[in-house]
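Encoded as structure tokens, the structure appears first; notes follow it.
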Amino acid sequence: MFTELDARRLGPVRRYFVRHPVVMDWFVAAWFAVPGLLVALLSPEPRYGVAVATLAGGAVLLWRRRYPLWTAAAIGALAILTLALTGDSAGFELATAFAVYAVATTYRPAVAWSALGVLVLTVCTAEMLWYDFTVSDTGAMVRADVGSGELTGQRVATIAITITFALLGIAIGSSVRGRRLHVADLVGRANAIARDRDQQAQLAAAAERARISREMHDVVAHSLTVMVALADGAKALGAKDPELAGQALDELTETGRAALADMRRVLGVLRDPDGTVAPLTPTADVPSMEDIAERFRHAGLPVRLVRVGVQPDPDPGLRQAAHRIVQESLTNVLRYAPLTPVVVVEIARRDAGTPDGGDWLEITVTNKAGRAPGGTARDGADARPLPPGITGDQPIGTGRGIIGMRERAAVYGGTVTAGPTSSGWEVVARLRLDGATQPRPDGVAGVAL
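Take the sequence shown: its position 58, counting from 1, is numbered 58 in full-length UniProt numbering, and each next residue is one higher.
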């Protein structure tokens, strides 16, 4: 992404070379080789050795992008060989700059400066020993036949040009490498941000699905379980006790209306009128604990509600979480242990002894084993008959209800444990009250549990 944007900021010529690196390689090779060939072949005395060396140097420069260190070594060797055999540098000062540039754009500065030092030292030494050309009175380059190692003005100038070109090559190459690393870092950060955004979107989608699933499960599982129990009971009592059957049907109708209202609430708040996703906020019509217990009593479940200590006045969210946990626990009892002689729902405020002295709302739902497979009681002394229309073989759930209870408790820093006891089944939920007892935004106190 950033590489493309960076290329668009360049001029048309540079942008073309950036997008066509092979053309750039041939251009660099021609930049070095063509002038050298013209000078070598069009001079009064053609120097074919220089022409061959120039062609060889141009061919080597074609590989500078793929093998920068080997290219630098080959350019140095060709420069020394050309100076030793012809006494002419043949323009290898420029080839040295291209080779150093390639190394500087590819390797870290320590390697680039080491390559520059070795290359410049060897080439400059060869120029001091064997460079043997000077400018004549007519302006032509002629062989001077000076002694080996004698320092002349022309040799000093050639050495200075070689060093200058090499320094320019490493300076420009290091700058290009730094820019490339910066762009790569920006690309990496952009990709990391994109991955994080995608992960956040996936997590948000998963949380949304879990939230909707939890709400739908609470509404459907509870209401349908109670409605099935009431319908079966009314059917069984229809001929024997019409009045009691009518009461069961009335309760069935009321439960159905409540379930429909809950369903509409869940579906209605999933999306605001402007199309944005809305949170499933608690509503003021959440039934009280007494209402929940009474509804299950009508379905045939002997529920006893016990309160211990000073009851908190929690915010609506915690209140709804507590009610959903009790509702799910009683639904499971009605579904799997309809013979239970008693179900005790205990709501207590306790000090958990935490270092910060936090208060906790503890909810315990306990029932004795009500039936064995086939509908027989496990503890015969306390067993009671099956409610009318309820058989001993109830369907096995998916375990989604316990997961939902734990998710609700986790929102308030709490936990839920559920498992068998010596005489039945017990669910214990602990919800942290710290931070959950603040006044509601509208200034109205919350409804007590």
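Glycine included, C-beta positions come from ideal geometry on N, C-alpha and C.
Being a predicted model, the structure only gives us computed values, none of them experimental.
- For Ala90, which three-state DSSP category applies? On the sequence shown, residue 90 is found 90 positions in, with the first residue counted as 1. Collapsing the DSSP output to three states places Ala90 in coil.
- Message: Which residues does DSSP list as the beta-bridge partners of Ala84?
- Response: Numbered from its first residue, the sequence shown carries residue 84 at position 84. Its beta-bridge partners do not exist; DSSP assigns none.
- Over what stretch of residues does the alpha helix (DSSP H) that includes Gly297 continue unbroken? As a working mapping, residue 297 is identified with position 297 in the sequence shown. A quick correction: the sequence has Arg, not Gly, at residue 297. Secondary structure note for Arg297: its alpha helix (DSSP H) is the uninterrupted segment Met289 to His298.
- Return the CA-CA distance between Leu41 and Ala126, expressed in angstroms with no decimal places. Within the sequence shown, residue 41 is the residue found at index 41, counting from 1. Within the sequence shown, residue 126 is the residue found at index 126, counting from 1. The alpha-carbon atoms of Leu41 and Ala126 are separated by roughly 24 angstroms.
- Task: Could you tell me whether the Cβ atoms of Val39 and Val50 are closer together than 9 angstroms?
- Result: As a first step, residue 39 is located in the sequence shown; it is residue number 39 there, counting from the start. As a first step, residue 50 is located in the sequence shown; it is residue number 50 there, counting from the start. Contact flag set, yes.
- Query: Candidates Gly173, Val345 and Val120: which alpha carbon is nearest Glu290's?
  - Reply: The sequence position of residue 290 within the sequence shown is 290, counting from 1. Ranking Gly173, Val345 and Val120 by CA distance to the CA of Glu290 puts Val345 first.
- Item | Local conformation of Arg349 per DSSP, three classes | Your numbering for residue 349 matches position 349 in the sequence shown. Arg349: strand per DSSP, three-state reduction.
- Which residue comes first and which comes last in the beta strand (DSSP E) that contains Trp425? Locating residue 425 in the sequence shown gives position 425, counting from the first residue. Annotation: the continuous beta strand (DSSP E) that includes Trp425 extends over Gly424 to Arg432.
- Residue closest to Ala79, alpha-carbon to alpha-carbon, out of Trp63, Val427 and Met128: If you number the sequence shown from 1, residue 79 lands on position 79. With respect to the C-alpha of Ala79, the residue from Trp63, Val427 and Met128 having the closest C-alpha is Met128.
- Do the region 337 to 344 and the region 287 to 301 meet, that is, are 3 or more Cβ pairs less than 8 angstroms apart? These segments touch.
- Query: Can you give the Cα-Cα distance for Thr281 and Arg406, rounded to whole angstroms?
  - Reply: In the sequence shown, counting from the first residue as 1, residue 281 sits at position 281. In the sequence shown, counting from the first residue as 1, residue 406 sits at position 406. Its pLDDT being 49, under 50, Thr281 is placed unreliably in this model, and the value from its coordinates should be taken loosely. For Thr281 and Arg406, the distance between alpha carbons rounds to 18 angstroms.
- Task: Would you tell me roughly how many angstroms separate the C-alpha atoms of Thr253 and His323, rounded to the nearest one?
- Result: Numbered from 1 along the sequence shown, position 253 holds the residue referred to as residue 253. Numbered from 1 along the sequence shown, position 323 holds the residue referred to as residue 323. Their Cα atoms are separated by approximately 21 angstroms.
- List the residues that DSSP assigns as beta-bridge partners of Leu360. Position 360 of the sequence shown, counting from 1, holds the residue named residue 360. Leu is not the amino acid found at residue 360; the sequence shown has Trp there. DSSP lists Arg350 and Arg432 as partners of Trp360.
- Smallest Cα separation from Gly404: which of Ala229, Arg350, Leu37 and Ala321? On the sequence shown, residue 404 is found 404 positions in, with the first residue counted as 1. Restricting attention to Ala229, Arg350, Leu37 and Ala321, the CA atom closest to the CA of Gly404 is found in Ala321.
- Sub-9 angstroms separation of Ala77 and Ile170 beta-carbons: Indexing the sequence shown from 1 puts residue 77 at position 77. Indexing the sequence shown from 1 puts residue 170 at position 170. No, they are not a contact pair.
- Task: State buried or exposed for Lys368, treating a residue as buried only when at least 16 other CB atoms are found within 10 Å of its CB.
- Result: The residue labelled residue 368 in the question sits at position 368 within the sequence shown. Classification for Lys368: buried.
- Task: Name, in chain order, the residues that DSSP records as bridge partners for Ala418.
- Result: Position 418 of the sequence shown, counted from the start, is the residue given in the question as residue 418. In the DSSP assignment, Ala418 is bridged to Val427.
- Task: Decide if the region 83 to 102 is in contact with the region 115 to 122; the criterion is three or more beta carbon pairs, one per stretch, under 8 angstroms apart.
- Result: Touching, yes, given that three or more Cβ pairs across the two stretches are closer than 8 angstroms.
- Message: Is the beta carbon of Glu362 closer than 9 angstroms to that of Leu318?
- Response: Reading the sequence shown from its first residue, position 318 is the one you call residue 318. Reading the sequence shown from its first residue, position 362 is the one you call residue 362. Here Leu318 is not near Glu362, since their CB atoms are 9 angstroms or more apart.
- Grab the span of the beta strand (DSSP E) containing Leu305 for me, first residue to last. One-based indexing of the sequence shown puts residue 305 at position 305. Looking at the DSSP string, the run of the beta strand (DSSP E) that includes Leu305 is Val303 to Val308.
- Going by DSSP, which residues form a beta bridge with Lys368? The residue given as residue 368 occupies position 368 in the sequence shown. Partner(s): Gly424.
- Query: Out of curiosity, what's the CA-to-CA distance linking Ser114 and Arg65?
  - Reply: Counted from its first residue, the sequence shown places residue 114 at position 114. Counted from its first residue, the sequence shown places residue 65 at position 65. About 18 angstroms.
- Task: For Thr364, verify whether its CB is less than 8 angstroms away from any heavy atom of the ligand HEM.
- Result: This structure simply doesn't include the ligand HEM, nor any ligand for that matter.
- Query: CA-CA distance, His182 and Ser175?
  - Reply: In the sequence shown, residue 182 corresponds to position 182, counting from 1. In the sequence shown, residue 175 corresponds to position 175, counting from 1. Pairing His182 with Ser175, the inter-Cα distance amounts to about 11 angstroms.
- Indicate the three-state DSSP secondary structure (helix, strand or coil) for Val100 in the structure shown. The residue labelled residue 100 in the question sits at position 100 within the sequence shown. If DSSP states are grouped into helix, strand and coil, Val100 belongs with the helices.
- Message: Let me check understanding here. Comparing Cα to Cα, which of Leu55, Ala110, Arg19 and Val228 lies closest to Ala74?
- Response: If you number the sequence shown from 1, residue 74 lands on position 74. Here the closest residue by C-alpha is Leu55.
- Message: Taking the alpha-carbon of Arg307 as reference, which of Val123, Ile347, Glu243 and Leu334 has the nearest alpha-carbon?
- Response: What you label residue 307 is simply residue 307 of the sequence shown in a count that begins at 1. Comparing Cα positions, the closest option is Ile347.
- Query: By how many angstroms is the C-alpha of Ser329 removed from the C-alpha of Val226?
  - Reply: Locating residue 226 in the sequence shown gives position 226, counting from the first residue. Locating residue 329 in the sequence shown gives position 329, counting from the first residue. Those two C-alpha atoms are separated by around 13 angstroms.
- Message: Considering only their Cβ atoms, is the gap separating Leu61 from Phe32 smaller than 9 angstroms?
- Response: Sequence index remark: in the sequence shown, residue 32 carries index 32 (1-based). Sequence index remark: in the sequence shown, residue 61 carries index 61 (1-based). Their beta carbons are under 9 angstroms apart, which means Phe32 touches Leu61 by this criterion.
- So, is Leu230 buried or exposed, given that buried needs 16 or more other C-beta atoms within 10 angstroms? Here residue 230 is taken as the residue at index 230 of the sequence shown, counted from 1. Buried, by the Cβ-count rule.
- Spell out whether any CB of chain B is found under 9 angstroms from the CB atom of Arg19. The structure shown contains no chain B; it is built from a single protein chain.
- Item | Which of helix, strand or coil DSSP assigns to Val118 | The sequence position of residue 118 within the sequence shown is 118, counting from 1. If DSSP states are grouped into helix, strand and coil, Val118 belongs with the helices.
- Message: Taking its Cβ as the centre, do 16 or more other Cβ atoms sit within 10 Å of Asp393, making it buried, or is it exposed?
- Response: Translated into positions along the sequence shown, residue 393 becomes position 393. Low per-residue confidence applies at Asp393: pLDDT is 47, beneath 50, and the placement is therefore not dependable enough to give any value.
- Message: Tell me the residue span of the alpha helix (DSSP H) that contains Asp25.
- Response: Stepping through the sequence shown from its first residue, residue 25 is reached at position 25. Asp25: member of the alpha helix (DSSP H) spanning Pro21 to Leu42, first to last residue.
- Message: Tell me which residues share the same chain as Ile172 and place their Cβ nearer than 8 angstroms to its Cβ, disregarding the 5 neighbours each side in the sequence.
- Response: Here residue 172 is taken as the residue at index 172 of the sequence shown, counted from 1. For Ile172, where only same-chain residues beyond five positions count, the Cβ hits under 8 angstroms are Tyr101 and Ala104.
- Output yes or no for whether 9 angstroms exceeds the beta carbon distance between Thr364 and Glu426. Indexing the sequence shown from 1 puts residue 364 at position 364. Indexing the sequence shown from 1 puts residue 426 at position 426. Yes, the Cβ-Cβ distance between Thr364 and Glu426 is below 9 angstroms.
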